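Counting along the sequence shown from 1, when you hit position 234 you're at 903 in our numbering, and nothing is skipped either side.
A virtual CB, placed ideally from N, CA and C, is assigned to each residue, including glycine.
From a predicted model like this one, the values you see are computed outputs, not experimental measurements.
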Amino acid sequence: MSDQLKDTTRSWLKAFFLLLAGLVAVALLVAAPLSGLWLYLSGELAVDRAVQAQSRGFALFGSTVGRNANATLEYKLDLYKTKRPQIVLAGSAGMGSLKDTMFLRPMLNMAGTANSLSSLRASLDAMLALHKPDVVLLALDFWWFSSAWEKNPFAQDPREPSPFSYTMDTLRLPWRMLLQGDISLPQFMFMSFQEARFGIRAQFDDTGYGSDGSFYATSIITAKRAPDAGFARTLDRQRRHIGEFAPQKALSQAHLDALADIYFRLRGRGIVPVVFLSPLPGELLDALKKEEALYPHLFSLRQALAERGIELANTVDARYFSASSCEFVDGTHAGEVAALRITNELTRVWNGLLPYINMEALNRAINEWKDHAAVASPFLPRVIEEDFLQLGCVKRTGPARLQ
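What follows is the structure, encoded as structure tokens:
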């Protein structure tokens, strides 16, 4: 290689590395601070500010980074500490839509803070270290009793690091969402954010947790076609026996013991636990019944718990309490109206629940919002529910009369 060629190569390499260094400097000096400002103003990581706002009135917290049970627990524990409710809904995200509007005493929805029996125990322990409620409504998913889902239901896993912090990963989030088309260039550049909204989903979709801890699934119920339209995605998982639908030969005694431990520890502390399974739409339950032998942790669970002195409310079949498939958000998450029907059913299991609930308002809401996944909210008056599951559900076609 000639000296001239070597000099040219060195010049190009020098220019390349100078350009690379310049880009890194721009990223550090411009992109990162801009991203940090955007995250702060959007409230994406602002659990403390969200809870403060929710303690004063209605606000939505819908973070993109905090969508697993660990992150939900971190946020809802702060809300729980502030609200100090008398009645709590704990456990499965499948009951996340239940709101406090029909309750006569302070109620908080802590659903979604657990996704297994071991995480349910951990979440309850964390809650009771802060405040003791009178009643805990324990919403369970049937697959929590499967060894394929959780091998050791008595496991004590360490808490994961908080996702609500400024890290290189979170600082890249706005740019990544912009490049993927999840947010538009004007949404990124103008930084025009709503008040009483914290987090990207809350800001742009009015989706997230309300001041009572319940989940507003606005982006799903207002869509022309939801991701789980016709429950196709859920039914496909069941057909392939994956995830929560993995089969099991027999009921796991360890998992039954784990729930009994949770149940009687609550009773020992003077708390009334009311235990039930999150409901399933008829289409899914029929598919499961065709392979009943593969799911003893569903079809034999009620009897097995009764033998341990635990009454499990008969709520898994939505049709049993007249909930239609139109009242679901997807194949494993009940909508608000179905959740109200379950609440009504739970008063029959334990009539001590009646003083906590405005039964007249509850029954009126069920009758007026039949076949809807949500009851109209005065906080989101422009939300119009679509037939998002594409089941031929008849929905109101204009702004609904509020309760």
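Following the DSSP letters along the chain, one finds ASP905 in no beta strand (DSSP E) but inside the alpha helix (DSSP H) bounded by residues 901-908. Cβ-Cβ distances below 6 Å link VAL941 to VAL804 in the same chain, with the five nearest sequence neighbours on each side left out; the list follows chain order. The straight-line gap separating the alpha-carbon atoms of LEU708 and LEU842 is approximately 9 Å.
Secondary structure at GLY978: coil, using DSSP grouped into helix, strand and coil. In this structure, the alpha-carbon of ARG894 lies about 34 Å from that of MET1028. In the DSSP assignment, LEU946 falls within the beta strand (DSSP E) that extends over 941-946. Counting along the chain, the unbroken alpha helix (DSSP H) around GLY937 starts and ends at 922-937.
Around the beta-carbon of ARG866, 16 or more other beta-carbon atoms lie within 10 Å, marking it buried.
In this structure, the beta-carbon distance from SER787 to GLU819 falls below 8 Å.
In summary, TYR932 is buried, with 16 or more beta-carbon neighbours lying within 10 Å of its beta-carbon over all protein chains present. Less than 8 Å separates the beta-carbon of LEU777 from that of VAL757. With respect to ALA740, ALA762 sits apart: the two C-beta atoms are not nearer than 8 Å.
When LEU1015, ASP905, ASP930 are compared, the shortest CA-CA separation from GLY1000 is found for ASP905. Beta-bridge pairing by DSSP links LEU949 to ASP986. A direct Cα-Cα distance of roughly 47 Å separates GLU1014 from LEU706. Taking the Cα positions, ALA892 is about 6 Å away from GLU1055.
For VAL1063, the CB contacts under 7 Å within the same chain, skipping 5 residues up- and downstream, are ASP1040 in chain order. For the 8 Å CB-CB criterion, ILE889 and VAL998 form a contact.
If you check the CB distance, ALA992 and ALA1007 come in under 8 Å. For MET858, the enclosing alpha helix (DSSP H) has its first and last residue at 854-859. Contact between the stretch 956-971 and the stretch 832-850 is not established, with fewer than three Cβ pairs separated by less than 8 Å.
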